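Novice: If you scroll down you'll find the structure; I have some questions about it.
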């Protein structure tokens, strides 16, 4: 039962982070108090993180806080997963397909699959937003956006 | 340069047509993001940070400042009409503001919020103008130990005031410092936690981190719930409060203004806590406290004045010490730095046009806000009717564009996605992002001043206790860290957190 507490798993995660940071600090060299080295802050911060993480994990073992499963009870977690996957795909395709195509695809995906709206709204909103933002940034503010390495030979402008 | 001459010079800068335009854009966008739930001043400022590069430093910073105090105005509209705080500082306004709206008094609620905000905003600018030069003179005497201790104090106050577990808040602050230190060591140029990635050598950017932790995480949290907006359908009516309303609100506005300004100055304090404190004080001072929660105009006037005064007060530590007291000011510091400026005690003498220009633009911006908020309420109500399912994809796209434009690197987009997921999980597990972001910004300064202090003192920590300012800061910080261990204080702190959550 105690192992199902969110506090325990949260604490355990940060304990891992703290231990890693302290180890990296140790590798970077601590120096001396007269002349602290590059790893001085990392080492001590790692230990501080680990200490707080242990206190939080112990709280979880004592039964404090909600159960891990309760955090997502009744939540539409599928939406969260879809948005994160869409963003990751966007990141990988951004430079390859360019800003306009990627943004258009992202907006249509979010407005069609994640939280659907009528196509009569989603299509014009996506088109106007993607092309409008591209025009303002690229043409008016002269911010360079990716044209798309896979398709730039086919773009006339 | 004395205050009057400085202000005169500042108005010359503020009335430059291009600066007037930037000021207008700032307060307009600020009001808009204040009105819209799900996007706050932090996201909007990060988004527009790259845009400031195209203009002069004063234009960009005038716009960024406008977004901040503009959002404080706009937040009240959503709180009163929809019962959703447009931004965190308007949480308290929901309680009585929405009750007033349900009873057909939305107009006076919005009117007093705008008037109180105007009075408080103007007061805080006058006070900023008078206090900042004095504090700047004192700040010249600050050395590395004082700066280090002041930053420790700021992080301690913020951790103390965050909702829920203080251990989690302090843990977040430590994580923030670690993330802030990624990149080249400032003293011996050694790469740290870069994992041989060239993109990490210059450190992790502020904009992707803030956009991820606040923008993306907010969207992920919102889309897993069904958002229902209960917009008040009745006519808003006259915005001008009655004579009785004005009489009842005068005291709360005055008290909220002074309280907000003082809490705004404190590192780690700010608009959110000042609005809660003002509400608690007004309820305590009232002869009829039972009216609070049922549409008492004092419950709107006090907190709205307090959060606007705090927004002005927060400029003082940034302008005079170079230390941002909250996340928004940290972003403003980012705006200064990308223009090659360093806020601090010498700012007023070395860059008077910028300092006084910003101060004067705040007067102008406050008048613009009054004009924007009173007659344009109808337009903001229409904005509020836009469904979230259309808004969130657009906000997400703006986040990506803002992050990419800030560094022209897809790597930053991935940093934003990673911090967005982290921020979402942090909200789920009850960890707050504010201490992390403030510590992230202060991290390099904190380390630099600690190491310099230790080098100066030849390796002893005495240097932090023999200097009075440093000692006082550390004693207060220690008291705040120990306070939650005392049962009476712990109960009080938990109550504040509970009130905030409700």
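Chains as they are written, first to last, in my numbering: chain A, 1 to 157; chain B, 1 to 502.
Just so you know, even glycine gets a beta-carbon here, dropped at the ideal spot from N, CA and C.
Computed from a predicted structure; not experimentally measured.
1. Count the other CB atoms, across all protein chains shown, that sit within 10 Å of the CB of residue 202(B); report buried if there are 16 or more and exposed otherwise.
2. For residue 5(A), which three-state DSSP category applies?
3. What does DSSP give as the partner residue(s) for residue 67(A) in the beta ladder?
4. For a contact defined as C-beta to C-beta under 8 Å, what are the partners of residue 219(A) on chain B?
5. With burial defined as no fewer than 16 other Cβ atoms inside 10 Å of the residue's Cβ, what is the status of residue 208(B): buried or exposed?
6. For residue 439(B) and residue 423(B), what's the separation of their Cα atoms in angstroms?
7. Can you list, in chain order, the residues of its chain whose CB lies under 8 Å from that of residue 309(B), leaving out five sequence neighbours each side?
8. Sort 150(B), 184(B) and 42(B) by Cα distance to residue 29(B) and report the nearest one.
9. So does the stretch 97-105 of chain A actually touch the stretch 64-83 of chain A, counting three or more Cβ pairs closer than 8 Å?
10. Roughly how many whole angstroms lie between the Cα atoms of residue 65(B) and residue 442(B)?
11. Drop a sphere of 10 angstroms on the beta-carbon of residue 501(B), count the other beta-carbons inside from all chains shown, and report buried for 16 or more, exposed for fewer.
12. Tell me which same chain residues have a C-beta within less than 6 Å of the C-beta of residue 45(B), skipping the five on either side of it?
13. Answer yes or no: does any C-beta atom of chain B fall closer than 9 Å to that of residue 16(A)?
14. Let me know the secondary structure DSSP gives residue 192(B) once reduced to three states.
15. Does the CB of residue 541(B) have a neighbour CB from chain A at under 9 Å?
16. At a CB-CB cut-off below 7 Å, which residues of chain A make contact with residue 185(B)?
17. Less than 8 Å between C-beta atoms, sequence neighbours within five positions excluded: which residues of the same chain meet that for residue 25(B)?
18. Which of the residues in the stretch 412-423 of chain B, read from start to end, lie with their CB under 7 Å from any CB of chain A?
19. Between the stretch 143-151 of chain A and the stretch 414-431 of chain B, do three or more beta carbon pairs fall short of 8 Å?
20. Check whether the Cβ atoms of residue 47(B) and residue 399(B) sit closer than 9 Å, and answer yes or no.
21. Closest Cβ-Cβ distance between residue 497(B) and chain A: below 9 Å?
22. Work out the CA separation of residue 165(B) and residue 6(A) for me, nearest whole Å.
23. Which runs of the alpha helix (DSSP H) fall wholly inside the stretch 65-142 of chain A and span at least 4 residues, in chain order?
24. Grouping DSSP H, G and I as helix and E and B as strand, with all else coil, what is residue 376(B)?
25. Could you tell me whether the stretch 88-101 of chain B touches the stretch 122-133 of chain A, using the rule of 3 or more Cβ pairs below 8 Å?
26. Measuring straight from C-alpha to C-alpha, what distance separates residue 300(B) and residue 251(B)?
27. Please look up how many angstroms separate the CB atoms of residue 470(B) and residue 218(B), rounded, as I've assumed it's under 8 Å.
28. Do residue 149(B) and residue 481(B) have their C-beta atoms closer together than 9 Å?
29. Let's see if you can read the secondary structure: which residues bound the alpha helix (DSSP H) around residue 187(B)?
30. What residues from chain B crowd round residue 52(A), counting only those whose CB sits closer than 8 Å?
31. From the DSSP output, read off the bridge partner residues of residue 36(A).
32. Cβ atoms of residue 49(B) and residue 322(B): under 9 Å apart, would you say?
33. Rounded to whole angstroms, what is the Cα-Cα separation between residue 349(B) and residue 319(B)?
34. Suppose you measure from the CA of residue 497(B) to the CA of residue 272(B); what does that come to, to the nearest Å?
35. For a quick check, are the C-beta atoms of residue 59(A) and residue 42(A) less than 9 Å apart?
36. State yes or no: is the C-beta of residue 120(A) within less than 9 Å of the C-beta of residue 393(B)?
Specialist: Once the coordinates are examined:
1. exposed
2. strand
3. 5(A)
4. Because chain A in this structure spans residues 1 to 157, residue 219(A) falls outside the shown range and cannot be described.
5. buried
6. 15 Å
7. 120, 121, 123, 124, 256, 257, 258, 259, 260, 261, 264 and 274
8. 42(B)
9. no
10. 20 Å
11. Model confidence at residue 501(B) stands at a pLDDT of 38, short of 50, so the residue's coordinates are unreliable and nothing is read from them.
12. 64, 67 and 331
13. no
14. strand
15. Given a span of 1 to 502 for chain B in the structure shown, any question on residue 541(B) remains unanswerable.
16. 38
17. 63 and 66
18. 413, 414, 417 and 421
19. no
20. yes
21. Because residue 497(B) sits at a pLDDT of 46, beneath the cut-off of 50, its placement in the model cannot be relied upon, and the point is left open.
22. 14 Å
23. 77-97, 99-109 and 119-134
24. coil
25. no
26. 12 Å
27. Incorrect: roughly 37 Å between the Cβ atoms, too far for contact.
28. no
29. Note, residue 187(B): premise wrong, no alpha helix (DSSP H); not H, not E.
30. 167, 168, 170, 171 and 174
31. 31(A)
32. no
33. 12 Å
34. Unreliable positioning characterises residue 497(B) in this predicted model, as indicated by a pLDDT of 46, which lies under 50. The coordinate reading is nonetheless provided below. In a straight line, the C-alpha of residue 497(B) is about 12 Å away from that of residue 272(B).
35. no
36. no
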